[in-house]
Amino acid sequence: MDTRAGLVRGLLATGGSRQALEAYRNELQERMTAHGAHIRARESVSAALAEARAQLVRWDACGVSDPADLPYALKNRDAVITQITYLAAMEEALARGGISRGSYMVMRPDGQPPCEGLDGDFRFVLGDDPLKEEICEVSFQSADAAVACAWVPRRPIPADDGWYENIWADYREDKIIRDPDEGVTA
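Reading the sequence shown from the start, the letters are residues -1 to 184 in this note's numbering.
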């Protein structure tokens, strides 16, 4: 059942409760908060990825009794697929030696403690990120819930060629976006 119509028919045939849908959502939210948020460890991310894949397999069993719950059920499916994709990218980056960045800390036994008194599990890695010049492009494979990862060079940051105030004034005067027939494009 790859089509949305097939998914909907399957959900309605199975039956289920709103409470089951909410429990499903809570499970995936709690997992992402615990393992894929601002504090990450390779083993933890890998375990969370396996749990997310297992949760996707269980999605068909959720079902709905009330057609009004269909959007919630379909959002759950999209959310768990998104979670699998993000966790797979995190796992891939950590496996390639990714380290802490501005938005998250990577916990590793060979890291440094954040402060005196916090040791052990709180050791994290800083330094020159070996992945800073690459981007992990991901693609979800719906047949087996696999995620294909491809590392590509990052594009350079474009040169800043204007001040916000000037660009905003040009936008307000309709100088930024024009009809292609007029020969000027964004």
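Glycine included, every Cβ here is placed at the ideal spot set by N, Cα and C.
These numbers were taken from a predicted model, which means no experiment stands behind them.
Straight-line gap, Ile174 to Arg56 (C-alpha atoms, nearest Å): Looking up residue 174 in the sequence shown gives position 176. Looking up residue 56 in the sequence shown gives position 58. One C-alpha to the other measures close to 49 Å.
Leu68 in three-state terms, based on DSSP: To locate residue 68, count along the sequence shown from 1; it is residue 70. DSSP places Leu68 in helix when its eight states are reduced to three.
Collapsed DSSP secondary structure at Leu116 in the structure displayed: Numbered from 1 along the sequence shown, position 118 holds the residue referred to as residue 116. It is a strand residue.
Enclosing alpha helix (DSSP H) for Ala18 [first to last residue]: Along the sequence shown, read from residue 1 onward, the residue named residue 18 stands at position 20. Boundaries of the alpha helix (DSSP H) harbouring Ala18: Arg16 to His33, taken from the DSSP string.
Inter-residue spacing [alpha-carbon to alpha-carbon] between Val182 and Glu171: As a working note, residue 182 is residue 184 in the sequence shown. As a working note, residue 171 is residue 173 in the sequence shown. With a pLDDT of 49 at Val182, under the threshold of 50, the modelled position of that residue is not reliable, and the figure given next carries that caveat. For Val182 and Glu171, the distance between alpha carbons rounds to 14 Å.
Status (buried if at least 16 other CB within 10 Å, exposed otherwise) for Tyr162: Taking the sequence shown and counting its residues from 1, one reaches residue 162 at position 164. Counting other Cβ atoms within 10 Å of its Cβ, Tyr162 stays below 16 and is therefore classed as exposed.
Neighbour-count burial assignment, Ser101, 16 or more Cβ in a 10 Å radius: Walking along the sequence shown from the start, residue 101 turns up at place 103. Ser101 should be labelled exposed.
Cβ neighbour criterion (16 or more within 10 Å) applied to Val62: The sequence position of residue 62 within the sequence shown is 64, counting from 1. Buried.
Beta-bridge partners of Cys147, as assigned by DSSP: Taking the first residue of the sequence shown as 1, we reach residue 147 at position 149. The partner list for Cys147 (beta bridge, DSSP) reads Val136.
Candidates Leu129, Val78 and Thr1: closest to Glu90 by CA position: If you number the sequence shown from 1, residue 90 lands on position 92. The shortest Cα separation from Glu90 among Leu129, Val78 and Thr1 belongs to Leu129.
Asp108 - DSSP class collapsed to helix/strand/coil: Position 110 of the sequence shown holds residue 108. In the structure shown, Asp108 adopts extended strand secondary structure according to DSSP, grouped into three states.
Own chain partners of Arg152 with C-beta closer than 7 Å, once the 5 adjacent residues on each side are dropped: Walking along the sequence shown from the start, residue 152 turns up at place 154. Around Arg152, the same chain offers Glu131, Glu132 and Ile133 as residues with beta carbons nearer than 7 Å, after the five sequence neighbours per side are excluded.
Range covered by the alpha helix (DSSP H) that runs through Leu47: Residue numbering aside, residue 47 sits at position 49 when the sequence shown is read from its first letter. Per DSSP, Leu47 belongs to the alpha helix (DSSP H) from Arg40 to Cys60.
Arg99, DSSP secondary structure in three states: For this step, residue 99 is matched to residue 101 along the sequence shown. In the structure shown, Arg99 sits in a strand (DSSP, three-state: E or B).
For Ile79, the three-state DSSP class (helix, strand or coil): Looking up residue 79 in the sequence shown gives position 81. It is helical.
Top-ranked residue by Cα proximity to Ala93, from Cys147, Asp168 and Ala52: What you label residue 93 is simply residue 95 of the sequence shown in a count that begins at 1. Checked all of Cys147, Asp168 and Ala52; the closest Cα to Ala93 is Cys147.
Test item: CB-CB of Leu9 and Ala71 under 8 Å: In the sequence shown, counting from the first residue as 1, residue 9 sits at position 11. In the sequence shown, counting from the first residue as 1, residue 71 sits at position 73. If you check the CB distance, Leu9 and Ala71 come in under 8 Å.
Residue(s) in a DSSP beta bridge with Ile37: Locating residue 37 in the sequence shown gives position 39, where the first residue counts as 1. Paired residue(s): Met103.
Candidates Ile37, His33 and Gln53, of which the one nearest Ser44 by Cα: Within the sequence shown, residue 44 is the residue found at index 46, counting from 1. When each option's Cα is compared against that of Ser44, the closest is His33.
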